[in-house]
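A.B. asks:
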Amino acid sequence: MNTTPSRMDRRTALKWMLAAAATTALASRYAHGQGPAPAAQGYGTDPDLLKHYQPGDVWPLTFTDTQRRTAAALCDVIIPADDRSPAASAVGVVDFLDEWISAPYPAQVADRGIVLPGLAWIDAESSRRFGRAFAELDAAQQASIGDDICHAATAKPEFREAARFFATYRDLTAGGFYTTPQGRQDLRYVGNMPLATFDGPPPEVLRKVGLL
Amino acid sequence: MALITPDKLKSSYDVIVVGSGAGGGQTAYTLTLEGIKVLMLEAGRNYVPETETPMFETPDQAPLRGAGTPDKPFGFHDSTIDGGWTVPGEPYTSANNERGRKFEWWRARMLGGRTNHWGRYSFRNGQYDFKPRTRDGLGFDWPMDYADLAPYYDKVEMLIGVYGENDGLENTPDSPPGVLLPAPKPRVGDLLFRKHAGRLGIPVVAAHRAVLTKRLDAGNLPAKLHPGNPAAQRLVREAMEGRAACYWATECGRGCAIRATYQSTTVHLPPAMASGNLDLVTNAMAREVTTAPDGKASGVTFIDKTTGREHRAAGRVIVLAASSGETVRLLLNSKSARFPQGLANSSGLVGKYLMDTVGANFSGQIPALEDLPPHNEDGAGGAHVYAPWWQYQEQLAGKLGFARGYHIEIDGGRRLPTMRTTSGLEWVTGGSYGRKFKEDARRYYGSFLSFSGRGDMIPNEDSFCELDPAVKDKWGIPALRFHWKWSEHEIRQAAHMQQTFADIVSAMGGKMRQPPEKDGAKAIANGGVIIHEVGGAIMGTDPAKSVTNQWSQTWDVPNLFLTDGAPFCSNADKNPTLTIMAQAWRAADHIVAELKKHNL
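Taken in sequence, the protein lines are chains A and B. The numbering of the first sequence is our numbering, which starts it at 1 and goes up by one. The numbering of the second sequence is our numbering, which starts it at 1 and goes up by one.
#1: What do you reckon, are the CB atoms on TYR163 of chain B and PRO176 of chain B nearer than 9 Å?
#2: Less than 7 Å between C-beta atoms, sequence neighbours within five positions excluded: which residues of the same chain meet that for TRP486 of chain B?
#3: Can you give me the C-alpha to C-alpha distance between TYR152 of chain B and LEU578 of chain B, rounded to a whole angstrom?
#4: Out of A:GLN41, A:VAL77 and A:GLY56, which has the shortest C-alpha to C-alpha gap to GLU136 of chain A?
#5: Could you tell me whether any Cβ in chain B is nearer than 9 Å to the Cβ of MET156 of chain A?
#6: Based on the DSSP output, what are the partners of ASP279 of chain B in its beta bridges?
#7: So ARG188 of chain A contacts chain B; which residues on that side make the cut at Cβ distance below 7 Å?
#8: Tell me, to the nearest whole angstrom, how far the beta carbon of VAL156 of chain B is from that of TRP585 of chain B; I am working on the premise that it is less than 8 Å.
#9: Would you list, in chain order, the members of the region 57-80 of chain A that have their beta-carbon closer than 8 Å to a beta-carbon of chain B?
#10: Can you give the beta carbon distance from SER20 of chain B to GLY113 of chain B, rounded, assuming they're within the 8 Å contact cut?
#11: So for GLN553 of chain B, helix, strand or coil by DSSP?
#12: Can you check which of these residues, B:GLY35, B:MET355 and B:GLY198, is closest to HIS483 of chain B by C-alpha distance?
#13: Indicate the three-state DSSP secondary structure (helix, strand or coil) for HIS268 of chain B in the structure shown.
#14: Looking at the unbroken beta strand (DSSP E) that takes in PRO80 of chain A, where does it start and where does it end?
#15: Would you list the one or two residues that DSSP bridges to GLY315 of chain B?
#16: Mind checking if MET419 of chain B is an interface residue toward chain A, Cβ cutoff 9 Å exclusive?
#17: Along the chain, where does the beta strand (DSSP E) that runs through ASN333 of chain B open and close?
#18: With a CB to CB cut of under 8 Å and the five nearest residues on each side skipped, what residues in its chain are close to ASN2 of chain A?
#19: Quick one: which chain A residues come within Cβ less than 9 Å of TRP248 of chain B?
#20: For the region 431-464 of chain B, which residues have a CB atom closer than 9 Å to at least one CB atom of chain A, in sequence order?
#21: Measure the beta-carbon distance from LEU600 of chain B to PRO558 of chain B and round it to whole angstroms, keeping in mind my assumption that it falls under 8 Å.
#22: Rounded to whole angstroms, what's the CA-CA distance from GLU99 of chain A to PHE302 of chain B? Just pull it up for me.
#23: Going along chain B, which residues have a C-beta under 9 Å from PHE96 of chain A?
#24: Beta-carbon of ARG128 of chain A versus every beta-carbon of chain B: anything under 9 Å?
#25: Taking the C-alpha atoms as reference points, what is the distance between ALA587 of chain B and GLN553 of chain B?
#26: If we define contact as Cβ-Cβ less than 9 Å, is VAL188 of chain B a contact residue for chain A?
#27: Runs of 4 residues minimum, wholly inside the region 141-186 of chain A: which ones carry the alpha helix (DSSP H) assignment?
#28: Using DSSP with H/G/I as helix, E/B as strand and the rest coil, what is GLY33 of chain A?
#29: Quick one, are the C-beta atoms of VAL328 of chain B and LEU480 of chain B less than 9 Å apart?
#30: If distances are taken between C-alpha atoms only, which option among B:ALA272, B:ALA210, B:LEU212 and B:ASN376 comes closest to GLU238 of chain B?
#31: Could you pull out every residue in the same chain whose Cβ sits closer than 6 Å to the Cβ of ARG513 of chain B, ignoring the five residues on either side in sequence?
#32: Starting from the beta carbon of GLY42 of chain A, find every residue of chain B whose beta carbon is closer than 7 Å, and list them in chain order.
#33: Pull up the CB-CB distance for GLN185 of chain A and SER85 of chain A, whole angstroms please, since I reckon it's below 8 Å.
#34: Three-state secondary structure (DSSP) at PRO59 of chain B?
#35: Taking the alpha-carbon positions, what's the THR66 of chain A to HIS407 of chain B distance?
#36: If contact means a Cβ-Cβ distance below 7 Å, which residues of the region 132-149 of chain A contact chain B?
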C-alpha cells in the first residue's frame with residue numbers, strides 16, 4: 001500500500017483532516033504543522049491474528065522523505081551495527097517507526113506529536129551547530145547532540161524537551177529492533193519453540209545466581 | 001455440532017443458558033451430559049481456538065509490534081475478540097470518573113467469553129473465605145461451607161486439569177491425592193523470590209493454574225467425574241484425548257490451539273456439543289428474561305446481531321451466566337407488572353455488593369539476574385509459583401489495620417521480547433545509547449521482576465451497578481451505570497502490598513525505580529481493572545437479604561438460576577474462576593435433581 005498523503009485525492013485528504021481534527025487536538029498542538037495527523041482506520045476488534053503484517057498493510061505510512069532520512073540516522077545512532085547484530089535501520093525499524101507514528105490510536109497519535117517535532121528539532125539543531133542535516137553529520141557530531149539529550153533526568157534545561165523526545169524515540173527504536181528475529185537473537189532469547197519437557201534453569205544459571 | 005441460527009430454534013428447551021464462559025460452559029457441560037436439552041445463547045461470535053490461535057506468531061508479525069490498542073487492549077495477539085474496556089455500540093457508564101471511584105468493565109464478545117484469555121490461576125476458596133463474617137464480623141457468610149463445595153472443586157480440577165502442589169497452608173486447601181497435575185519447575189527468578197521472600201516469612205509455593213503439564217488420564221478420570229453414566233464417560237474420555245499437554249511455549253492469554261489450557265471452548269463445550277443435547281446460538285444478545293402468568297421464567301428474548309432481528313426462545317429453566325454485570329443487567333431489564341423492579345429483585349439487592357479484586361503492582365531490577373546464560377524461560381505460558389496469603393493470625397489479632405489478605409503473583413524473566421522489554425530503561429542505564437545501549441539491553445534483559453498483589457475486597461454499600469437512566473446500547477437495551485468506592489480495608493491492603501513488594505525487592509538485592517507507594521489510594525487499581533467482578537446478586541439464607549439460595553437459585557423465581565460470579569457474597573484473594581465453575585457444577589446438579597423431581 002504505502003499510500004502517502006501527497007498521493008491521496010483531495011476528497012480523501014479532506015476526510016482525513018476532518019477526522020483528525022476531531023481526535024487529535026492534543027497532538028496537533030505539539031505537531032506545529034509536521035504533516036497531517038493520521039485518521040486512518042485501525043485494524044478493528046476482530047483482526048486476523050494469524051496473518052503476518054507489514055508496516056503499511058493496515059494504515060498508510062506518512063513519513064516525508066526528510067523525516068525518513070532523519071529517522072533512519074537517529075535510530076542508527078541509538079542502535080548501530082556491532083559484532084552481534086545489525087543496525088536498527090537495516091532490519092526495518094524505520095518502517096516500523098513510520099507505522100507507529102501513522103497509526104490512528106491515541107497513544108500513537110500522542111507519540112506522533114512528540115516524534116515529528118523531535119525529528120524537526122534535531123535537524124534544526126544539527127543545522128545550527130554544523131550547518132547540515134542530522135543525517136549528514138559524522139558520528140562525533142551526532143554524538144555531540146546525542147550526549148546533550150540522552151538522559152532526561154540530567155539534561156540541561158534547554159535540552160529537556162528534546163531529551164523527552166529522545167527517551168520516547170529510543171523506546172520505540174529499541175522496541176522495534178528487539179522484536180525482530182535479529183533483535184531476539186541479539187538478546188539470546190531462545191524460546192518460542194515447542195519442547196517435550198520444561199527442565200527449569202540449567203546448572204550454569206543456578207551457579208551464577210548462587211543457588212547451586 | 002449443534003451451532004444453529006435462530007430460525008432453527010426448537011419450540012422449547014429444558015434449560016436455556018445465557019453465556020458460554022466459565023459459568024455457562026460448566027452449566028451446559030453438566031446438564032447436557034445428564035441428558036438435559038440445553039440452548040446456549042452467546043452474545044459474541046463463534047470462536048475456534050484450534051484454528052484461530054496465534055501460537056508462534058511474534059510481535060514483529062503484528063501491527064505496532066503487537067502493542068495494545070483500544071481495539072486489542074492486551075495486545076494484538078491476545079485472544080480477546082470484540083472486547084476490552086470498551087465495546088463499540090455497547091456503552092456503560094460510571095457515576096464518578098475520579099480515580100478510585102471509577103469502574104472499568106472488561107467484556108469479551110466471543111464463544112467462551114473471558115475464559116479464552118484469562119490467567120489460568122485456579123485457587124480454591126478456603127473455609128475462612130466462605131464464612132468471613134463469622135471470622136471477622138465484616139461482609140457476608142456464604143450459605144454453605146467449604147465442605148459443600150470441596151467435591152466440586154475436586155471434579156472441576158480433574159476435568160479442566162490444574163497444576164499445583166499441596167502445601168498444607170492455612171485457608172489454602174489441599175486437593176485430594178492424584179487430583180492436581182505436576183507443577184512446572186520454577187524459573188530462576190522464582191527460586192530467588194522463594195529464597196528471599198522465605199526469609200521474610202512469606203511462603204512461595206507452586207502456583208495453581210489450569211494448564212496441562214501432562215495429558216489428562218482419559219482412562220480413569222471420566223468414571224470419577226460421571227459415575228454410573230457411561231455415555232458421559234465416553235464423551236469426556238474423547239474430549240480429554242483431544243487435549244495435548246503444554247509444549248512450553250506461547251503465553252496462555254493468546255488461547256491455546258492444542259487445548260492444553262482450560263478455556264470453555266477447549267474443555268466444556270466440546271463434550272457438550274458432542275452429546276447432541278446442546279443447541280448453540282452465537283451473536284445472540286440477550287435482552288430480557290420473559291415470565292409466565294404464574295411468575296416463573298418462561299424464556300429469553302434476544303437480538304440476532306447479524307440481522308438485528310429479535311427472537312424468543314422458550315425454556316423450563318433459565319440460567320444466567322453472562323458475567324456478573326451482564327446478568328444483573330438482564331435481571332434489571334426484565335421488568336413486568338409483576339416484577340416492576342426487575343426480575344428476582346424483591347429484595348432490592350440486584351446490582352448491589354459488586355466486588356472486584358484489590359490490585360497493586362511493584363517491580364524491581366535484580367542485579368543477580370543480569371547477564372545470565374541463555375536459557376528458555378517460556379515455561380507454562382504464565383506463572384509457575386506464587387505466594388498465598390500468610391498473615392491470617394496477625395490479621396485476626398488486629399495487627400495489620402485491614403481485615404483481609406492477598407496473594408502475590410510474580411512475572412518476569414527472559415520471555416519473548418515485546419515493545420515493553422527494552423522500554424523505560426533510562427533509570428538503570430543512565431541514558432545510554434549506541435553500542436553502550438546494546439550492551440545494556442543484553443545485560444538487563446530478563447533481570448526485571450514484577451510483583452502483583454491480588455486481594456480480598458469486602459462488599460460495601462457504595463459499590464454497585466444499576467440501569468443508566470438515559471444510556472442504551474445500539475439495540476436500545478438500557479446500559480449499566482457503575483458506582484464504586486473502596487473501603488479503608490482495601491486501601492490499606494494496597495499500601496501493605498507496596499511495602500511488602502519493596503521489602504522483597506530489597507531482600508533480593510534489587511533496585512527500585514521509585515519507593516513503594518505509601519498511599520494505598522494511589523496504589524490501588526480502579527474497580528474492575530483486575531477483571532474479577534463478582535457479586536451483584538448475592539446468595540444467602542434470607543430472601544429479604546439475598547437474591548439467591550446456596551444453589552444459585554433465585555428466591556423469587558424458582559426456575560431461574562445464576563451460575564456466574566453474581567451470587568458470590570465475598571471475593572476472596574483466590575481469583576474467582578475455579579469457584580465459579582465449582583458452584584456452577586453444583587447448581588447444575590441441583591437443577592438435574594429438581595427437574596427429575598418435577599420441582600421446576
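Backbone N, C-alpha and C fix where the C-beta goes; we use that ideal spot for every residue, glycine too. This one's a predicted model, so the numbers in the text were calculated from it and none came from an experiment.
C.D. replies: According to the data block:
#1: no
#2: GLY100 and ILE524
#3: 10 Å
#4: A:VAL77
#5: Before going on, a small fix: residue 156 of chain A reads as Lys here, not Met. Closer than 9 Å: no.
#6: B:LEU39
#7: PRO374
#8: 6 Å
#9: ASP57, VAL58, VAL77, ILE78, ILE79 and PRO80
#10: 6 Å
#11: strand
#12: B:MET355
#13: helix
#14: Run containing PRO80 of chain A: none; DSSP gives neither H nor E here.
#15: B:TYR13
#16: yes
#17: Here ASN333 of chain B belongs to no beta strand (DSSP E); instead the alpha helix (DSSP H) covers 324-333.
#18: Since pLDDT at ASN2 of chain A reaches only 35, below the 50 mark, its modelled position is unreliable, and the value read off the structure follows with that caveat. Cβ neighbours of ASN2 of chain A beyond the five flanking positions: GLY56, PRO60 and LEU61.
#19: GLY191, MET193, PRO194, LEU195, ALA196, THR197 and PHE198
#20: GLY431, SER432, TYR433, GLY434, ARG435, PHE437, LYS438, GLU439, ALA441, ARG442, TYR445 and GLY446
#21: 7 Å
#22: 41 Å
#23: ASP60, LEU64 and ARG65
#24: no
#25: 8 Å
#26: yes
#27: 160-178 and 181-186
#28: Confidence at GLY33 of chain A is low in this model, with a pLDDT of 42, below 50, so the placement of that residue should be treated as unreliable; the coordinate-derived value is given next. If DSSP states are grouped into helix, strand and coil, GLY33 of chain A belongs with coil.
#29: yes
#30: B:ALA272
#31: TRP427
#32: THR69 and ASP71
#33: 7 Å
#34: helix
#35: 53 Å
#36: GLY146
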